[in-house]
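Beneath this line is the structure, given in structure tokens, with notes to follow.
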Amino acid sequence: MSKPKTSTPHSGKVLSLQKRLMSSTLISSILTGLLSLVILIGVVGYDMHELFDDILEENGKLWLEEQNSANAQMKYYLGEYNEELDLDYQWIDGKGQVQQKSEDAPETVFIANAEDDRFYNIYHDRKWWRVYVKKRPDSLVQVQIAQPWQQRYEHLLPAIGHFSWLMLLLWMVLLVGNWLAIRRGLKTFTRISEQIAQKNVQDLSPIQPTEIYTELQPMIAAINALLLRLDQALQAEQRFTADAAHELRTPLSAIQMKLQLMQRRHKTLLAPIQPELEQLKLDVQRSTAVVENLLFLARLDPQQSQALPRKEFPLIILLQEVWQNIALAAQQKNIELIQDWQIASDLICIANRELCFTALRNLLDNAIRYSHVNGKVKFSVLSEHDQIIFQIQDNGRGVDADQLARLTQRFYRVLGTEQQGSGLGLSIVQHIVALHHGKLQFIEGLDNTGFGVQMALPLHTD
């Protein structure tokens, strides 16, 4: 049988509420800012467009109204505007010829046959222009005041840039403010999670936050209801285990004694049913073992590992006691026991000696129980990185990979083994390993077949 593979249970996607809130508020703020920027560009662009049109119109009127004395004055005004607003003008006579123009204005007329008092958008001399035409009422003389559209954009861009920097600054302030507000708001979750983490089998009382959001009340109520059900179930299980162990231990012991007494007093009379009596004795012994295991398992609580009594003891002495304890069971099935202890003879452990003995005995007992007659069981021990690693391997039929995850469940037994048992051995071992902060895992058996268990315990548990 190849080395079994364990599967990792699927877990849902882990999300961060803080990141989700931060991203949501930031995205909404950015979208709002961008929308405001678009609106601002539209409003400022429209107002600036109207302002420039008013400037063009005023300059056109000024040229015509002050024609007699406007040469120097007009040049002054247009010169000033030309520097800042890039305004150009053309003075056109009644024949449609350009008589006078600004320095940067094109030689050809902007608009031929133009209507009076009107704005035009034209493409002229490889540029887009905004042109205002103003004619004298008493003649065909006209003035055309023009401005490149690019100049208007250049005046709009600084306003957009200033607003963008301001918006970026506001986004940064909003980001920090939201982070502080969300972090403060989520402290309620932290306090609730701390209260939940403090719950254990000794304290399943309802959680009572000092302050709670309305949206969290249904969740708190559901958690408290769950704690109540857990407390009731745990108390019921403990009562059942204690009562069952107490009520069953005495009559089972009495039945065992009566069977032994009957076999001694009526040995000849009971000879024909001796096999049945032996089987009955085994059933009683197995029932007694189940009761003892139930009581033992009920007393184990991994959360009380700090209160677990520990002491120093030589590991080699413990291994020898376990080895002697299972030797008879192996001999009855003619199983070859292989010893591979790679540890120093004076190695000292600090742990609960009785629980370590129980764990090793259960693992070896399972290996012998589920091995074939004339099979092999290997018991390996080595010290590595401040921990002791115990490996028990056999060459039996092995365990299917889909059943590995259930082996440490109470009362679970692999079907088809044809072996009697309570299904509590590995569950007890798992509890003992947890009490010592160790690790239990399943490994490959002997000769690429069978089944193996590896138990790693700290050399010195605190």
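Under UniProt numbering, the residue at position 284 of the sequence shown is numbered 284, and the numbers go up by one with no gaps. Note that CB positions come from ideal geometry on N, CA and C, so glycine has one too.
Item	Value
Contact under 8 Å by Cβ, M219 with L363	no
As assigned by DSSP and simplified to three states, the class of N452	The sequence shown places Gly at residue 452, not Asn. It is a strand residue.
Contact the segment 325-345 vs the segment 377-389: 3+ CB pairs below 8 Å	yes
C-beta atoms of L315 and L360 nearer than 8 Å	no
Integer Cβ distance of L64 from R130, believed to fall under 8 Å	About 19 Å separates the two Cβ atoms, so there is no contact after all.
Any alpha helix (DSSP H) of 4 or more consecutive residues that is wholly inside the segment 165-251	187-197
In DSSP terms, what A351 is bridged to	K311
At least three beta-carbon pairs within less than 8 Å, the segment 53-62 to the segment 197-213	no
Inter-residue spacing [alpha-carbon to alpha-carbon] between residue 478 and I41	What the structure shows of the chain is the stretch from 1 to 462, and residue 478 is not part of that stretch, so it cannot be assessed.
Whole-number beta carbon distance between P458 and D386, since they are thought to touch under 8 Å	7 Å
Beta-carbon spacing of Q147, A114 below 8 Å	no
Separation of G438 from I388, as counted between CA atoms	9 Å
Outcome for W128 when other beta-carbon atoms lying within 10 angstroms are tallied against a minimum of 16	exposed
Which of helix, strand or coil DSSP assigns to A359	helix
Span separating the alpha-carbon of Q342 from that of A434	24 Å
Member of L228, T449, S427 whose CA lies at the smallest distance from the CA of Q441	S427
Assigned exposure category for D88 - 16 Cβ within 10 Å defines buried	buried
Reduced DSSP category for K19 - H, G, I as helix; E, B as strand; rest coil	helix
DSSP beta-bridge partners of residue 470	Lying outside 1 to 462, the shown extent of the chain, residue 470 is not represented and no answer is given.
Cβ-based burial, Q430 [other Cβ within 10 Å; buried from 16]	buried
I212 to Q235 span [Cα, whole Å]	30 Å
Neighbour-count burial assignment, G450, 16 or more Cβ in a 10 Å radius	buried
Reference D93; option with closest CA among S139, T188, G60	S139
Residue from L227, A271, C349, D104 whose Cα sits closest to the Cα of Q125	Sequence inspection shows Asp at residue 125; the Gln mentioned does not correspond to that position. Ranking L227, A271, C349, D104 by Cα distance to D125 puts D104 first.
Contacting residues, own chain, Cβ-Cβ under 6 Å from Q260 (five flanking each side not counted)	none
First and last residue of the uninterrupted beta strand (DSSP E) at F390	387-394
Range covered by the beta strand (DSSP E) that runs through D88	88-92
L252 classed as buried or exposed, judged by whether at least 16 other C-beta atoms fall within 10 angstroms	buried
Own chain, CB closer than 7 Å to E237, minus 5 neighbours either side, in chain order	none
C-alpha distance - H266 paired with L328, whole-angstrom precision	28 Å
Pairwise C-alpha distance: T288 and R249	7 Å
Residue from V373, Q144, E154, Y123 whose Cα sits closest to the Cα of L85	E154
Assigned exposure category for L446 - 16 Cβ within 10 Å defines buried	buried
Pick from H372, E384, L280 that is closest to R397, judged by C-alpha positions	H372
Cβ of E444 within 8 Å of any chain D Cβ	Absent from the structure: chain D. Only one protein chain is present.
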